[in-house]
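Read the structure below first, then the notes.
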Amino acid sequence: MAGKNAQNTSRLDAIRGSKIDDISWNKPIASQFVSPIVMTKNHALVSTQSKLIGFDKADGTIAFSHSLPGGMAAAPAVTDTHILVPRDTYGEGFDSDIDLQAPTLYALDRETKQRVWEHTLDGNYLASVAVADDIYVQSDREAYRLTADGTTTWRQTFDQAFDWRKTLSYLRPVIGPDGVYIGHRDTLVKLDRAAGDVRWTRSMEKTVFPPVIAGDTTVITSTNDAIVAVSPADGQIQWRVSKPPVWAPAISETIAVASTSKGLLGIDPASGEQQWHADQSLSTCPPVIAGNTVFTAPGMTLTAVDAETGERIDSRGTDWRVTWITPDSGGVLTRQPTTDGVLLERYPLR
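Here the UniProt record's numbering is used: the first residue of the sequence shown is 1, the next is one more, and so on.
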């Protein structure tokens with residue numbers, strides 16, 4: 001199975017250009033809960049409270065819409081053969097009748113969109129998925145490794161469940177060469193990738209975002225008041241930047257970009273030294289890096305910043321605040337909540 005999103009989801013395909021062009025299409029979605037956007041070659045995928053929807057990237061037309069039990073848990077994930085859709089037990093507004101008793105991961109055939117298998121997780125809510133050689137999935141109580149046919153390779157249960165009311169994390173497991181990293185309450189945990197055993201734990205302040213991996217040498221986690229890097233080998237702290245992050249950092253091979261209340265910080269992931277600072281208002285979504293460009297959303301704007309220098313390249317006003325940005329080789333697709341639901345807007349790049 002080819003790796004699709006084994007690293008932080010901010011690590012995405014390179015982009016042809018960095019100038020933001022006029023909107024090529026926008027599509028409303030009549031749901032207040034819409035997952036982050038996941039791209040395939042031809043489609044943009046989102047989960048809502050009732051459906052998996054695939055939009056044609058060329059013009060925004062709906063290519064397919066597939067109803068599923070439960071409510072929206074987290075973003076779908078994609079393997080070579082399946083679309084993986086995590087579903088929750090909460091409905092629209094968290095008060096609807098839901099025909100799902102436990103968090104469940106559904107695997108749909110990429111061609112037919114028919115269910116191939118499903119896997120029920122222990123816990124009360126939320127199953128988030130990462131794909132590498134196998135499938136790694138997390139609920140509020142457990143982490144699993146599954147094979148392509150849904151067979152459990154290992155299962156790790158935590159003593160205490162996550163409290164979804166106090167965490168800003170999507171509880172995404174992050175996959176390294178030999179480990180699976182999970183931010184759990186006030187602890188960063190490394191699980192053995194092959195067996196699922198706990199390799200080490202590192203106590204720190206309350207983790208508020210999933211960890212990210214910078215190459216194979218550094219794991220970066222976010223706490224209430226700092227950005228902290230630890231060694232994958234033993235969890236020892238390598239460096240600490242005492243700036244409260246408002247989102248998980250975006251990572252490339254040479255730079256970690258952190259969003260704070262006072263702007264963007266460019267940090268050397270090896271040393272923790274600040275490379276640049278870019279003043280901007282509070283971003284309403286996590287930064288993402290594509291090629292040599294950082295995309296972020298201060299105020300009601302979509303902004304492109306040079307990843308190496310922090311200099312602003314371009315900016316485009318939006319009708320609503322942007323809460324997610326997904327770039328690919330043809331442009332950027334944004335998620336913008338409205339009074340009636342959510343708007344997806346596609347911006348070409350040049």
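Every residue gets a Cβ at the ideal spot worked out from N, C-alpha and C, and that includes glycine.
Computed from a prediction, not measured in an experiment: that's the story for all the values here.
Membership of Ile53 in the beta strand (DSSP E) is indicated by the continuous run 51-56.
With contacts defined by Cβ atoms closer than 7 Å, Ser139 and Pro103 form a contacting pair. Non-local beta-carbon contacts of Pro298 in its own chain, meaning distances under 8 Å to residues more than five positions away in sequence, involve Gln280, Ser281, Leu282, Ser283, Thr284 in chain order. For Glu273, no beta strand (DSSP E) encloses it, and the DSSP letter there is neither H nor E. Residues Pro69, Gly70, Arg87, Thr89 of the same chain have their beta carbon placed closer than 7 Å to that of Leu100, with the five preceding and five following residues left out of the count. According to the DSSP assignment, Val246 belongs to no beta strand (DSSP E), since it is labelled neither H nor E.
With a cutoff of 7 Å on beta-carbon distance, Asp133 and Arg350 are scored as not near each other. Under the three-state reduction of DSSP, Gly183 is assigned to strand. Beta-bridge analysis with DSSP links Lys190 to Tyr181, Trp200. Under DSSP, Arg115 forms a beta bridge with Leu108.
In this structure, Gly235 lies near Trp200, with their beta-carbon atoms less than 7 Å apart. Straight through space, the alpha carbons of Asp56 and Gly123 are spaced by roughly 35 Å.
In its chain, beyond the 5 residues on either side, Ser18, Lys19, Ile20, Thr303, Ala304 have a beta carbon closer than 8 Å to the beta carbon of Asp314. Under the DSSP definition of a beta bridge, Met72 partners with Arg87.
With 16 or more other CB atoms across the displayed protein chains lying within 10 angstroms of its CB, Ala290 is buried. With contacts defined by Cβ atoms closer than 7 Å, Pro210 and Ala248 form a contacting pair.
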